[in-house]
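Below is one structure, written out as structure tokens; comments come after it.
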Amino acid sequence: MRFVLASASPARLAVLRAAGIEPSVVVSGVDEDAVAAGLTDPSPAELVTALAVAKAEAVARTLGPEDAVVVGCDSMLSLDGEMLGKPGTAEVARKRWTQLAGNRGDLLTGHAVLRLSGGGITARATGSQTTGVRFADPSPEEIEAYVATGEPLNVAGAFTLDGLGGWFVEGIEGDPSSVIGISLPLTRRLLAQVGLTVANLWSLT
């Protein structure tokens, strides 16, 4: 059974590897803005789940007639009623951190698990995980130094838990792996829903 991660995220790949799975990485190339624009007033959970489904389905269409499971994820930070994805630029990342400093938000990660056989999707399961994040109040100099590293530009909410951004996270309420980008407990449950036992997917030597 081939395990395919429909994501370019090195953090998600690292989480899976540390948990005993060596996935094939296939990037979806999905236009996230277009997918979001096609939704009618989605809740935060519905938004990230729809994006995860779009990524997983796009990758599934590129695979041949093999037995595989495709996992897609999408993360966003809900802060003061606003959904925050990747900043993209230093200017936006700097602005985000003026919002994050000393504040609390919810990191939502949508998940889609597709089981493939004979070139088609034979089963699917979806869900989302919400984890509370309490942010420190870094100084303007610390924020400037963090933005200058480039790390916050390409991650949901402009922070990481497992990288440099971890210095500015006071605590979390919920699943840490979900904040990094893929919830291991939720993924295990979704795999079970499509008839797979996570222990059988471990690539331990």
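Those letters in the sequence shown? Residues 26 to 230, by this note's numbering. We put the CB at the ideal spot given by N, CA and C, even for glycine. Being a predicted model, the structure only gives us computed values, none of them experimental.
Terminal residues of the alpha helix (DSSP H) in which residue i lies
i: ARG119; result: 115-125
i: GLU47; result: Run containing GLU47: none; DSSP gives neither H nor E here.
i: VAL95; result: Segment 93-104 is the beta strand (DSSP E) holding VAL95; no alpha helix (DSSP H) there.
Beta-carbon gap between residue i and residue j smaller than 7 Å
i: GLY196; j: ASP162; result: no
i: ILE146; j: ALA75; result: no
i: ARG140; j: VAL94; result: yes
i: ALA79; j: VAL50; result: no
i: SER202; j: VAL52; result: no
i: ASP99; j: VAL117; result: no
i: LEU104; j: PHE160; result: no
i: GLY206; j: ARG37; result: yes
i: VAL138; j: LEU64; result: no
Residue i (DSSP reduced to helix, strand or coil)
i: ARG37; result: helix
i: THR155; result: strand
i: ARG86; result: coil
i: VAL223; result: helix
i: GLU195; result: strand
i: THR230; result: Confidence at THR230 is low in this model, with a pLDDT of 44, below 50, so its placement is unreliable and the value that follows should be read with caution. Coil at THR230, not helix or strand.
i: VAL180; result: coil
i: ALA173; result: helix
i: THR20; result: Look at the range of the chain in this structure, 26 to 230, and you will see that residue 20 is not part of it.
i: THR74; result: helix
i: GLY145; result: strand
i: ALA31; result: coil
Extent of the continuous beta strand (DSSP E) run through residue i
i: SER142; result: 129-142
i: SER202; result: Run containing SER202: none in the beta strand (DSSP E); it sits in the alpha helix (DSSP H), 201-205.
i: GLU107; result: 107-109
i: LEU209; result: From DSSP, LEU209 is part of no beta strand (DSSP E) but of the alpha helix (DSSP H) over 209-218.
i: ASP58; result: That residue, ASP58, is in no beta strand (DSSP E); its alpha helix (DSSP H) goes 57-62.
Same chain, Cβ closer than 7 Å to residue i, five either side skipped, listed in chain order
i: GLY188; result: GLU176
i: PRO210; result: ASP200
i: VAL180; result: LYS111
6 Å CB neighbourhood of residue i in its chain, flanking five on each side removed
i: PHE28; result: ILE46, PRO48, VAL94, LEU226
i: THR155; result: ASP131, LEU133
i: GLY190; result: PHE184
i: ARG213; result: VAL223
i: ALA115; result: VAL172
Rounded Cβ spacing between residue i and residue j (contact assumed at less than 8 Å)
i: ALA150; j: VAL219; result: 5 Å
i: GLY157; j: GLU107; result: Actually they do not touch by this definition, with Cβ atoms about 16 Å apart.
Cβ-based neighbour list, residue i, same chain, cut-off 8 Å, excluding 5 preceding and 5 following
i: THR230; result: Residue placement at THR230 is poorly supported in this model, since its pLDDT is 44, which falls under 50; the coordinates still yield a value, given next. Result list for THR230: empty, nothing under 8 Å.
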